[in-house]
Amino acid sequence: MNILVCIKQVPDSNKVEVDPVTGVLKRNGVESKMNPYDLYAIETALRIKEEKGGTVSVISMGPGQAEAIIREAFAMGVDHGALISDRKFGGADVLATSYTISQGIKMMGEFDLILCGKQTTDGDTAQVGPEIAEWLNIPSLSNVSKIAEINDSDLVVEMDMTHDIEIAKIQFPCLLAVDKDIVMPRLPSYVKKQETKNREVRVISLADLEDKNEKNYGLNGSPTQVQRIFPPEVNDHREIWNGTSAEISNQLYKKLNELKFA
Amino acid sequence: VEYVEEAVEAIDKSLWNGIAVYVDHIDGQIHPVTYELIGKAKELAAKINHPVYAVIMGSNITGQCRELCHYAVDKVFVYDYPQLDRFKIEPYTKVFEDFVQKIKPTAILMGATPVGRQLAPRLAARLRTGLTADCTILDINEDTDLIQIRPAFGGNIMAQIVTPNHRPQMATVRYKVMDAPKRNEEESGEIVPCEISEEKLSSNVVVIDIIEKEKEQFIEAAEVLVVAGRGIKKEEDLQMVQELADLLGGQLACTRPLMEAGWIDAKRQVGLSGRTVRPKLIITVGVSGSVQFTAGMNNSEHIIAINKDENASIFKTAHYGLIGDLYEIVPNLIHQLKQGKEISA
Ligand SMILES: Cc1cc2nc3c(=O)[nH]c(=O)nc-3n(C[C@H](O)[C@H](O)[C@H](O)COP(=O)(O)OP(=O)(O)OC[C@H]3O[C@@H](n4cnc5c(N)ncnc54)[C@H](O)[C@@H]3O)c2cc1C
Ligand SMILES: Cc1cc2nc3c(=O)[nH]c(=O)nc-3n(C[C@H](O)[C@H](O)[C@H](O)COP(=O)(O)OP(=O)(O)OC[C@H]3O[C@@H](n4cnc5c(N)ncnc54)[C@H](O)[C@@H]3O)c2cc1C
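Just so you know, the sequences run in chain order A and B.
All letters in the first sequence, in the order written, are residues 8 to 269 by the working numbering.
All letters in the second sequence, in the order written, are residues 36 to 380 by the working numbering.
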């Protein structure tokens, strides 16, 4: 079975700067790491491989420095990795990102199963997975909390739908967005890191893709536009209560009565 | 980043009319986020003089559609087929696509539920249009451009997003972010049965079984929440916080460190990586008020915070900030609440 995992590099911290002109985030100089939710997708892939054989590949779209997370994936046991990287891909929204990734996937070969994380910690839309599946015209499921059965032509999975657990069978090829905690991700191994030090990370640029029309990528291929970015509002109704604990709890009791909660 | 220097062909926005709301339901039980979105859609539609539509797909749901007529939508479009009994991504996308092609709504609002969060992006990619996730504020320009505001980066920034040259414009909104309108006694609007060819309803996903999760109480549904933070020193001390929650008819919730410590179930964690809650009353006890936490609760109606550190950032979010020791204030309050109950009993 050939499995592909989509992984993204995200800023290590949530304190980010924004280019006020283009509304695009300045990623230079910010420490980065692998999107933590993608570790669960990698672990899921590695366990399926351990059971059924085959290969696990990763793909990431991002700047050159995103190679670091592909190396990290190698150190976890991933076999192959590719980085989709081109200045022309910059400023992509979900539609353009998912399209670019789907184009890159086609360059990497055929996969039975594509795995994504639940969401990222930066853009945080959880939309990229289902959109990749649409571009590739394969079925997809999100909220996957368990892989129950791995068969020759399909998978049986459990999905956490808030109020109930749904059990579904999905035909290969397909895409799954796995939940956090589906399986505990392993740590990268030092030995594997050394072993894979010289392993090639394939770089895929616009010129390598089937569709070379620049209008379909980056800002040009993005229907959504970030118009402005601003800090969240702070609530201005504020009342601070000082005093002895007895005074404060009396006051609170009165307030709760007044608000009809007590 | 490079732009292609070429005039983009402008679309004719006047061809797209109406604001559509996806009716999220399981077996005909309509998710309340649907009504909240209808309320918002009506407000937006009034500004541009457009109709409000509801679109529902499922099996044996025509009966349930009447309920939507109590919320003054102009039309309810119904796709009622046995194959649509449960959410399956392929047929649901096809049905939705059919609706969009026939009706051409300028905007589509969907709840950010487990279903909405996968159906919306699939549809957006199919329609080659933009989708803004988890909007907290929605407004509309005269030219029908939807102004979509959403938090990103752990709630550290808000982004205003538009989809100026594509239709329909799509947005998801979490439950309890918008206000539900009042239910009208009388029905209004028209129910429009819709047809789609059966071959479009095939699926590579088969739902084998649905297991009800153990009856657990969802903090999202609670009107009153008492949140325990790291100011709680020992696991046993949670009993005190639970007691306070019980006395107020509410539920216990927590910040992430307490979930991580294994003291409280993950489903009770409030915040960015937990649940978004919007209760009528929320009392935080020993919570510092990180942005990741407040992003999940700052829409609550009444926020009361107990913290001994007068500089705690929770006091920026709280309507009533109580500076003091929770180990004194909470037991006192419990005592008073118990006495109050005795007096009224
Ligand atoms: C403030 C802000 C708000 C934004 N809001 C929106 C919005 O509402 N709508 C919109 O269309 N765009 C939006 N964007 C742009 C969006 O963040 C980017 O398009 C981003 O590249 C993809 O979305 P995500 O980070 O939300 O990924 P998610 O959809 O949350 O990621 C889900 C999974 O997809 C895979 N994945 C995601 N990105 C990559 C990648 N680059 N390489 C490989 N795998 C990947 C991973 O497996 C990941 O776990 C916003 C950007 C900013 C800065
Ligand atoms: C990507 C990401 C996502 C996250 N998501 C979440 C999330 O969803 N939810 C969440 O909660 N956190 C989340 N966090 C963690 C968050 O940043 C904070 O670390 C966390 O909210 C702090 O929890 P706390 O307020 O309970 O603890 P602390 O920050 O340790 O605060 C404890 C407070 O208790 C007060 N206190 C101590 N003793 C007493 C006493 N006797 N009486 C009164 N007050 C007392 C202290 O003054 C202090 O302010 C996330 C972080 C990241 C990076």
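From the three backbone atoms N, C-alpha and C, an ideal C-beta is built for every residue, glycine too.
This structure is a prediction, so every number in the text was calculated from the model and none was measured.
Query, Result
"B:Val259 at chain A interface by Cβ criterion, 8 Å", "yes"
"Cβ-heavy atom distance, A:Asn42 to ligand 1, below 7 Å", "yes"
"Simplified DSSP assignment, three categories, for A:Glu221", "helix"
"Which of helix, strand or coil DSSP assigns to B:Leu283", "coil"
"Listed by chain order, chain A residues near B:Tyr355 by CB distance under 7 Å", "Glu246, Trp248 and Lys262"
"Residue from B:Thr329, B:Arg202 and B:Gln371 with nearest C-alpha to B:Leu283", "B:Gln371"
"Whole runs of the alpha helix (DSSP H) within the region 43-130 of chain B, excluding any shorter than 4 residues", "68-83 and 100-103"
"Buried versus exposed, by CB contacts within 10 Å (16 or more), B:Ile243", "exposed"
"Three-way DSSP call (helix, strand, coil) for A:Pro239 in this model", "coil"
"Below-8 Å beta-carbon distance, A:Ile154 vs any chain B residue", "no"
"Residues sharing a beta bridge with B:Pro228, DSSP", "B:Val113"
"Near ligand 1: A:Lys95 beta-carbon under 7 Å from a heavy atom", "no"
"Proximal residues of chain B, C-beta to C-beta of A:Gly130 below 9 Å", "Ala168, Ala187 and Phe188"
"Host beta strand (DSSP E) of B:Asn342 (start-end)", "His337 to Asn342"
"Presumed contact (8 Å Cβ cut-off) between B:Glu222 and B:Arg101, rounded CB distance", "6 Å"
"With 16 other Cβ atoms within 10 Å as the buried cut-off, status of B:Gly189", "buried"
"Beta-carbon neighbours of B:Thr164, restricted to chain A and to distances below 7 Å", "Pro230"
"Per-residue contacts from A:Lys204 into chain B (C-beta, under 7 Å)", "Those do not exist, as A:Lys204 stays about 32 Å from chain B at its closest Cβ, beyond 7 Å."
"Pair within 8 Å by beta-carbon distance, A:Thr128 and A:Pro239", "no"
"Beta-carbon proximity list for A:Asp45, same chain, < 6 Å, skipping 5 on both sides", "Ile14 and Gly124"
"Interface flag, A:Ile236 vs chain B, CB-CB below 8 Å", "yes"
"Contacts that B:Glu247 makes with chain A (C-beta to C-beta distance below 7 Å)", "Asp171"
"Cβ separation of A:Leu183 and A:Val164, assumed to be a contact under 8 Å, to the nearest whole Å", "7 Å"
"Heavy atom of ligand 2 within 7 Å of B:Ser308 beta-carbon", "yes"
"Cβ contact (3+ pairs, closer than 8 Å) linking the region 69-77 of chain B and the region 103-111 of chain B", "yes"
"Short CB-CB distance (under 8 Å) between B:His201 and chain A", "yes"
"Cβ distance (whole Å) where B:Ala159 is taken to contact A:Leu102 below 8 Å", "7 Å"
"Same chain, Cβ closer than 7 Å to A:Leu263, five either side skipped, listed in chain order", "Ala269"
"Under the three-state DSSP convention, the category A:Ser252 falls into", "helix"
"Local conformation of A:Arg206 per DSSP, three classes", "coil"
"Buried or exposed by the 16-neighbour rule on C-beta atoms within 10 Å, applied to B:Met145", "buried"
"Residue burial classification, B:Asn333 (beta-carbon count within 10 angstroms, cutoff 16)", "buried"
"Within the region 290-370 of chain B, ranges of the beta strand (DSSP E) (whole runs, at least 3 residues)", "316-320, 337-342 and 355-358"
"Burial state of A:Val198, where buried means 16 or more other Cβ atoms lie within 10 Å", "exposed"
"7 Å Cβ shell around A:Glu74 - same chain, five flanking residues per side excluded", "Leu90 and Val208"
"heavy atom of ligand 2 below 7 Å from A:Gly130 C-beta", "no"
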